[in-house]
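Residue numbers (the UniProt record's numbering), protein chains in the order written: chain C, 1 to 342; chain L, 1 to 342.
This is the structure:
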């Protein structure tokens, strides 16, 4: 009997061309293509129905013409939550919920399903697997606990603090009895930091004519751990305010992503005088610790000891605007795109 | 019976005023003062006769008007080797040889002799206690072994490689079976690196129009450990050439010391993509390991397995020129000033 091949229309978000400067909605287009819902026999591939897509700052660098960039003319890719609807892989079953790298489209053929994480816990919002229970969660976990080596009572500063990662770092730091200060780009975000995430202090960097003064006001005794999300001027001013043997987990430098020429860091000499350790990392490095992380964080979510704010855009047609909104700070909390309710 | 007080003339090197830009000989003056050769009874102080003074790049920062600066109108201070000629301290005896912080003068009153290290081994040149057996030695030791965490066979790059610290780092790295490349500022120094210190490769940074290309030529597989002595453009180009999980012990940034406005580091984003650890340190942090270091390094010196090149200026009157020569790279090897043969 011949294989039954079901082909359906597939809405996709296409990158038109490499982007310089701030990305615009017109750098993307929506296209409707077709896709077979069965993976080819013997291919070890799977076909998924995408439910949630994740908008992450690192995606800006993939819009540039460099290693690992998106392919102009093709749908972009990123983290997402999806339901398996076709499988030729022995370890993946139809009906499984997964998170991992998928396409910005309604349905995706995934040729390396080994890279997907199977979702076992569905008593929490599925969208969390693009955030607190996904890559941003592992970023905050690895960066704060492993790279940051926090000690009780230390002074912690987080930039982009209301974002997907920052809001978690701040809450992890509070759970560790640290004094936590965050910066963000609007009054609404600053209020969120203090009222919802329990930051001890917060400031709107756009309203501070002198970041050095803002840091000294909020952290008069200096900073033990700076969780670096933004780079640029903020990093330079933080270096002046670090304490002896401070640590700077370098997670991102989002202030630099849309610049053709990066700003320089001028105060690196502070690394010597204060014996600072500055260390870059990515979530991937900590993926082997994911089960351990879930054991820690799931009870905290269930008991309401940790909270997670998402900004959910509905529909693939709104995905480009949601993605580029990240770079002007339009989102409040983790930016997600809902592609389909099941 | 009244205390016998012997007062002698004391030639001193005075900083006239704070220095901006490149220091000049005229920023210093020689003055002859008087000093009592007895420490005041009950003072716990000692009086020393200075034998060797150490010229070190960090001293440039002390010529600036900032915390820890020299006092204009007074003799400058630094590391030196000296003989104790008067002591009111129970643990320091007349005749002891010591190294530590002393004045740039013939005789110094030292009010905190606890900071001095007693010299126990005199079968090696005494001047070595300003270099391989003193602060620069501990800098190379702590920076390379502790901060750098070297593994056999790794690729190591050292800037200012023929200097007081760099020549040691290169030799330590060779003893660890690393592949070692150094940069220096003249053909003579580059030859020294290859012929005397056993560097696998070396280049004259002043003759390289493109430092990125020079690094790629000498280290086509990239750099695991960059021992950072110079900062500026070199750091930026090294960042592009670091390997995954590379380490950058930050010892100094001498290219920046004479600039009123520091150059920026523009390639810090590489910290993330390559998971680089960049960590500042100073020798002081490792002084508790000094006995362990001596146990390691003294046999290496005695067996000729490690060598140390010094550039010795004779006489206090030549001390200012020797010191400022550091900042134009005039010295070949560790710059020392011989104040007195005993």
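The beta carbon of each residue, even a glycine, is placed where N, CA and C say it ideally should be.
Run through chain C and tell me which residues come within less than 8 Å of residue i, C-beta to C-beta.
{"i": "residue 78/L", "result": "Those do not exist, as residue 78/L stays about 17 Å from chain C at its closest Cβ, beyond 8 Å."}
{"i": "residue 272/L", "result": "250, 251, 252, 253, 280, 281 and 282"}
Which residue marks the beginning of the beta strand (DSSP E) containing residue i, and which one marks its end?
{"i": "residue 250/C", "result": "242-250"}
{"i": "residue 155/C", "result": "155-158"}
{"i": "residue 297/L", "result": "Taken as a continuous stretch (DSSP letters only), residue 297/L belongs to no beta strand (DSSP E), being part of the alpha helix (DSSP H) at 290-302."}
{"i": "residue 202/C", "result": "201-204"}
{"i": "residue 29/L", "result": "28-36"}
{"i": "residue 109/C", "result": "107-110"}
Which bits of chain L does residue i rub up against, with CB to CB less than 7 Å?
{"i": "residue 266/C", "result": "262 and 264"}
{"i": "residue 256/C", "result": "269"}
Under 7 Å, do residue i and residue j count as touching if we go by C-beta distance?
{"i": "residue 45/L", "j": "residue 122/L", "result": "no"}
{"i": "residue 141/C", "j": "residue 293/C", "result": "yes"}
{"i": "residue 86/C", "j": "residue 40/C", "result": "no"}
{"i": "residue 325/L", "j": "residue 318/L", "result": "no"}
{"i": "residue 185/C", "j": "residue 202/C", "result": "no"}
{"i": "residue 337/L", "j": "residue 322/L", "result": "yes"}
{"i": "residue 235/L", "j": "residue 265/L", "result": "yes"}
{"i": "residue 164/C", "j": "residue 334/C", "result": "yes"}
{"i": "residue 48/C", "j": "residue 9/C", "result": "no"}
{"i": "residue 279/L", "j": "residue 277/C", "result": "yes"}
{"i": "residue 92/C", "j": "residue 84/C", "result": "yes"}
{"i": "residue 144/C", "j": "residue 170/C", "result": "no"}
{"i": "residue 211/L", "j": "residue 237/L", "result": "yes"}
{"i": "residue 300/C", "j": "residue 306/C", "result": "yes"}
{"i": "residue 310/C", "j": "residue 127/C", "result": "yes"}
{"i": "residue 316/L", "j": "residue 11/L", "result": "yes"}
{"i": "residue 20/C", "j": "residue 88/C", "result": "no"}
{"i": "residue 219/C", "j": "residue 270/C", "result": "no"}
Run through the DSSP bridge pairs and tell me what residue i is partnered with.
{"i": "residue 278/L", "result": "278/C and 248/L"}
{"i": "residue 311/L", "result": "335/L"}
{"i": "residue 83/L", "result": "49/L and 97/L"}
{"i": "residue 21/L", "result": "Answer by DSSP bridge pairing: none, since residue 21/L is not bridged."}
{"i": "residue 71/C", "result": "The partner list for residue 71/C (beta bridge, DSSP) is empty, contrary to what the question assumes."}
{"i": "residue 102/L", "result": "78/L"}
{"i": "residue 367/L", "result": "Residue 367/L lies beyond the range of chain L shown here (1 to 342); nothing can be said about it."}
{"i": "residue 118/L", "result": "98/L"}
{"i": "residue 184/C", "result": "204/C"}
{"i": "residue 88/L", "result": "Beta-bridge pairing links residue 88/L to no other residue."}
{"i": "residue 225/C", "result": "156/C and 247/C"}
{"i": "residue 179/L", "result": "155/L"}
{"i": "residue 54/L", "result": "336/L"}
Taking residue i as the query, report the chain C residues whose CB atoms sit under 9 Å from its CB, ordered along the chain.
{"i": "residue 231/L", "result": "268 and 269"}
{"i": "residue 225/L", "result": "Here the premise fails: no neighbours, minimum Cβ distance about 14 Å."}
{"i": "residue 276/L", "result": "250, 278, 279 and 280"}
Tell me the residue span of the alpha helix (DSSP H) that contains residue i.
{"i": "residue 342/C", "result": "Segment: none, residue 342/C is in no alpha helix (DSSP H) and carries neither H nor E."}
{"i": "residue 167/C", "result": "166-175"}
{"i": "residue 14/L", "result": "Here residue 14/L belongs to no alpha helix (DSSP H); instead the beta strand (DSSP E) covers 7-15."}
{"i": "residue 141/C", "result": "135-141"}
{"i": "residue 325/C", "result": "319-325"}
{"i": "residue 272/C", "result": "270-273"}
{"i": "residue 195/C", "result": "187-195"}
{"i": "residue 285/L", "result": "Segment: none, residue 285/L is in no alpha helix (DSSP H) and carries neither H nor E."}
{"i": "residue 212/L", "result": "211-218"}
Applying a beta-carbon distance threshold of less than 8 Å, which residues of chain L neighbour residue i?
{"i": "residue 285/C", "result": "275"}
Please confirm whether residue i has its beta-carbon closer than 7 Å to some beta-carbon of chain D.
{"i": "residue 123/C", "result": "Protein chains in the displayed structure are C and L, and chain D is not among them."}
Notebook entry, point to check: Taking three-plus beta-carbon pairs below 8 Å as touching, is the stretch 141-153 of chain L in contact with the stretch 237-256 of chain L?
Noted result: Put simply, the stretch 141-153 of chain L touches the stretch 237-256 of chain L. At least three CB pairs are less than 8 Å apart.
Notebook entry, point to check: Given 8 Å as the limit, is there contact between the stretch 153-160 of chain C and the stretch 283-297 of chain C, that is, 3 or more CB pairs closer than that?
Noted result: no
Check: Three or more beta-carbon pairs under 8 Å between the stretch 49-63 of chain L and the stretch 96-109 of chain L, yes or no?
Finding: At 8 Å Cβ cutoff, the stretches touch.
Notebook entry, point to check: How about the stretch 254-261 of chain L and the stretch 184-196 of chain L: do they share at least three Cβ pairs that are nearer than 8 Å?
Noted result: no
Next item on the list: Give a yes or no on contact between the stretch 121-135 of chain C and the stretch 22-39 of chain L, applying the rule of three or more CB pairs nearer than 8 Å.
Entry: no
Margin query: Closer than 8 Å is the cut-off here; do at least three beta carbon pairs connect the stretch 157-168 of chain C with the stretch 225-245 of chain C?
Written below: yes
Note to self: Could you check whether the stretch 59-76 of chain L touches the stretch 10-25 of chain L, counting it as contact only if at least three pairs of C-beta atoms, one from each stretch, sit closer than 8 Å?
What the structure shows: yes
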